[in-house]
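Residue numbers (our numbering): 338 to 467.
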């Protein structure tokens, strides 16, 4: 069992592996089996161990903010009074967007019907010319 260091030429990072030799009877040679240990600190040249888990770390679904208890209670009591005008503005904006969406859908439908009529006329004009 030995320690092997690999340097990535692009990034300059050094990865450290634990290597054990295993005999391969098919090729009749020794093949290394490596286990990733971590990376090397570029300044102190010490091993920075890996977490031991493979793959990417999962994103944390809850991110807690550290807020003093008194401040949290005060902000909760003041929040509804400040949120009402903002909520009304958002509801009005939502209704405006729904109305615009309906108008654009109707306009799109009318344009599609006009395009189909033009294509039908063009198709009949081409077939009558032949």
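All C-beta atoms in this analysis are idealised placements derived from N, C-alpha and C, irrespective of residue type, glycine included. Values in this document were obtained by computation on a predicted structure and should not be read as measured data.
- According to the DSSP secondary-structure assignment, residue 372 is paired through a beta bridge with 355.
- The Cβ-Cβ distance between residue 352 and residue 343 falls below 8 Å.
- A Cβ-Cβ separation of about 5 Å places residue 359 in contact with residue 368 under the 8 Å criterion.
- Taken through DSSP and simplified to helix, strand or coil, residue 422 comes out as helix.
- If you draw a straight line from the Cα of residue 430 to the Cα of residue 449, it comes to about 28 Å.
- For residue 339, the enclosing beta strand (DSSP E) stretches over residues 339-344.
- Shown here for residue 338: same chain residues with a beta carbon closer than 8 Å to its own, the five before and five after excluded, namely 355, 356, 357 in chain order.
- Counting along the chain, the unbroken beta strand (DSSP E) around residue 385 starts and ends at 384-386.
- As computed with DSSP, residue 377 is found in a beta bridge with 384.
- The closest CA to that of residue 382, considering only 350, 388, 361, 366, is found on 350.
- A straight line joining the alpha-carbon of residue 375 with that of residue 386 spans about 4 Å.
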